[in-house]
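Okay, structure first, notes after.
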Amino acid sequence: METIPHYINGTRVTDAERFGPVFNPATGEQEKQVVLASAARTEEAIAAARAALPAWRATSLAKRTTIFFKVREILNQRKSELAAVLTSEHGKVLSDAEGEIARGLENIDFATGLSHMLKGERSEQVSSGIDVHSVRQPVGVVACITPFNFPAMVPLWMIGSALACGNTVLLKPSEKDPSAAVFIAEAFTEAGLPPGVLNVVQGDKETVDVLLEHPDVKAVSFVGSTPVAQSIYKRAAEHGKRVQALGGAKNHMVVLPDADLDMAADAAVSAAYGSAGERCMAVSVLVAVGNIADDLVKAISTRMADLAIGPGTDPASQMGPLITAEHRDRVASYVAGAEAEGATLVVDGRSQQFDSNGFFIGVSLVDHVKPGMKVYDDEIFGPVLSVVRVDTYSDAVRLVNDNEFGNGTAIFTRDGGAARQFEFDVEAGMVGVNVPIPVPVGTFSFGGWKNSLFGDTHMYGPDSIRFYTRGKVVTTRWPDPSTSVIDLGFPQVD
Ligand code: NAD
1 METIPHYING TRVTDAERFG PVFNPATGEQ EKQVVLASAA RTEEAIAAAR AALPAWRATS
61 LAKRTTIFFK VREILNQRKS ELAAVLTSEH GKVLSDAEGE IARGLENIDF ATGLSHMLKG
121 ERSEQVSSGI DVHSVRQPVG VVACITPFNF PAMVPLWMIG SALACGNTVL LKPSEKDPSA
181 AVFIAEAFTE AGLPPGVLNV VQGDKETVDV LLEHPDVKAV SFVGSTPVAQ SIYKRAAEHG
241 KRVQALGGAK NHMVVLPDAD LDMAADAAVS AAYGSAGERC MAVSVLVAVG NIADDLVKAI
301 STRMADLAIG PGTDPASQMG PLITAEHRDR VASYVAGAEA EGATLVVDGR SQQFDSNGFF
361 IGVSLVDHVK PGMKVYDDEI FGPVLSVVRV DTYSDAVRLV NDNEFGNGTA IFTRDGGAAR
421 QFEFDVEAGM VGVNVPIPVP VGTFSFGGWK NSLFGDTHMY GPDSIRFYTR GKVVTTRWPD
481 PSTSVIDLGF PQVD
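Going by the working numbering, the first residue of the sequence shown is number 1, and it counts up by one from there.
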């Protein structure tokens, strides 16, 4: 059986005391195993990153930029190969996997502009003969801990800017789909990144605990579920590290009565069921305002019947399996409980049969959902769309704002004034206007509000430069030029 290694100091390491299973979700078979780092192995990786830091932070911006251009080229050339790796461990369809890589590469594009991003500021003559300038310097060794659902994109969100700023990195990917991280790290090596600058340490909680407490780790970037994000935020901060921890979500799509019905229905289907709903920006609650609800529910359920669910490797599939059997069963339990809670099951995804032992489930649509029902309150992270019916725009905004999460939200309307008001009123970090999944392009930053983000900087884009660097301000005075041994022609006259 293939063993997925660590990648430490430019070398694959397969020697381990502990291993975790890696399944192919489309077959339900364990096809690989991954090494899980002990405390000693994690410390070895931290030491490699620490040792590589002085030379990397001294590497010229020009040389760093060349590496980013090169890695971009390599990953673009090999994107089908990487997409196949993603599909074999995550299950998502190949087109989604390629889309994830393209979105991740936006962060490498951003990193190629690092010499612009790292420019400091300067004020001349703030007082007589005194100038002040600021520089941004790397924080040191950075730990990047990533979730299963975007095994290429989320690591690229973090490592592009972290490395560009002159830090060295320990990437701890999800143990459920760990190969992509090694693939990306090896592409960086091929592009000329020196050994030890980007290390992949495979593992679980035991590994993360070491990263959170080790004095040589100076910053932690985390993306995952809210309970883990919250505990990582607290523990890393307790140990004196700067931390950004992005958590879970429950994204609402508000549809006003004047919306384009077909546009809204198409958007709801792709945003709720794409990637089997395992996206932190997936739409999981449709808020139907006024009299549009019946038509919208009908338009969505009609489209659901045409969704092709199957192995991600089959070009005909539009949706693949879930990540594990346990997760599929958990998703099914929310559908099972919805009716007992008083909701209406319009489409029951559990009834769809699959000719496979893979972790498949059909898509579900639940109507007449209300806050207080588990199907509404919990992050399900699967292909289940809940419909909440409200009377007015104000009711819709109140519902969104009362929710504990504030990752993304969207409004569908033809009314520019209503959309503008929504942008003003709504409490979420990312807002779409007739765009169901408003993931910002790589030149902006990504992040939610409320329980979707712990910390004060968002991820990638301009915020990442602030997070991965420390500011330093230098105040300078030189001896009076009239006393110089070089004839400066002082005092100057015009
Ligand atoms: P998870 O929280 O279970 O795991 C995330 C990472 O933390 C993994 O690397 C895992 O090994 C590690 N981990 C798990 N339990 C831990 C513990 N107790 N202590 C320390 N480390 C631990 O999340 P997941 O299931 O891999 O990913 C899905 C979740 O991620 C969903 O909640 C989703 O909304 C969220 N997510 C959020 C965003 C965002 O941008 N806000 C993006 C992607 C995913």
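Even glycine gets a Cβ: it sits at the ideal position worked out from N, Cα and C.
Beta-carbon gap between residue i and residue j smaller than 8 Å
i	j	result
I8	E44	yes
D378	A343	no
V375	Y273	no
A152	I101	yes
K218	V142	yes
A259	M319	no
Q202	I46	no
A293	N199	no
A83	A97	yes
A137	R470	The question names Ala, yet the displayed sequence has Gln at residue 137. Yes.
I108	V71	yes
Y393	L256	yes
N451	T146	no
S284	I380	yes
V426	T409	yes
G99	W157	no
A26	G312	yes
F23	Q33	no
H239	V474	no
N434	E278	no
G442	F110	yes
T168	A52	yes
T87	L211	no
Distance cut-off 7 Å: residue i Cβ against heavy atoms of the ligand MG
i	result
C280	Although the ligand MG was asked about, the structure shown includes only the ligand NAD as ligands.
Exposure of residue i, with buried meaning 16 or more beta-carbon neighbours within 10 Å
i	result
N291	exposed
N357	exposed
M489	Looking at the sequence provided, one finds Gly at residue 489 rather than Met. Looking at its Cβ environment, which holds fewer than 16 other Cβ atoms inside 10 Å, G489 is exposed.
M304	buried
N76	exposed
M117	buried
E124	exposed
I361	buried
F122	As written in the sequence, residue 122 is Arg, which differs from the Phe given in the question. Exposed, by the Cβ-count rule.
V289	buried
E326	exposed
R477	exposed
F69	exposed
K250	buried
F422	buried
P481	exposed
Pick from the options that is closest to residue i, judged by C-alpha positions
i	options	result
M373	G160, N107, D395 and V335	V335
V387	V254, S161, G196 and P54	V254
A162	G140, E213 and P147	G140
Q353	V369, P383 and G310	G310
L114	P462, A332, D487 and S482	P462
D464	E213, R477, G160 and P257	It should be pointed out that residue 464 corresponds to Ser in this sequence rather than to Asp. Checking every option, the nearest Cα to that of S464 belongs to G160.
F454	Q244, L118 and Q30	Q244
A268	L385, P215, L212 and T457	L385
Y468	T457, G99 and N407	T457
P215	P194, R242 and P195	R242
A265	L365, L246 and L212	L365
S221	L171, D209 and P315	L171
E2	A428, K79 and E89	E89
A187	D487, T11, I486 and G417	T11
R64	V197, F150, I486 and T87	V197
P54	T483, L345, V210 and P195	P195
A237	G224, Q30, M263 and D209	D209
I300	T483, A332 and S270	S270
A282	H252, L261 and M263	H252
C280	E17, L286, D306 and G248	G248
E31	K298, A180, P21 and G192	P21
A180	I411, R328, R78 and V331	R78
D15	Y460, A37 and G28	A37
Validate contact between the region 129 to 137 and the region 172 to 183 using beta carbons, cut 8 Å, 3 pairs: In the pairwise beta carbon analysis, the region 129 to 137 is classified as not touching the region 172 to 183: fewer than three pairs are separated by under 8 Å.
Runs of alpha helix (DSSP H) lying entirely within the region 407 to 474, each at least 4 residues, in chain order: 416 to 425 and 461 to 467
What residue ranges within the region 241 to 305 form continuous beta strand (DSSP E) runs of no fewer than 3 residues, ordered along the chain? 242 to 246, 251 to 255 and 283 to 289
Quick one: which unbroken alpha helix (DSSP H) runs of 4-plus residues sit fully inside the region 49 to 92? Chain order, please. 61 to 77 and 79 to 90
With a threshold of 8 Å, are at least 3 pairs of Cβ atoms found where one atom belongs to the region 89 to 96 and the other to the region 429 to 447? no
Runs of alpha helix (DSSP H) wholly within the region 303 to 376 (minimum 4 residues, chain order): 325 to 340
If we require 4 or more residues per run, which alpha helix (DSSP H) segments fall completely within the region 145 to 208? DSSP assignment within the region 145 to 208 yields the following whole alpha helix (DSSP H) runs of 4 residues or more, N-terminal first: 153 to 164 and 179 to 190.
Which runs of the alpha helix (DSSP H) at least 4 residues long sit entirely within the region 110 to 144? Give them in chain order. 114 to 117
At 4 residues or longer, and completely inside the region 7 to 51: list those alpha helix (DSSP H) runs for me, N to C. none
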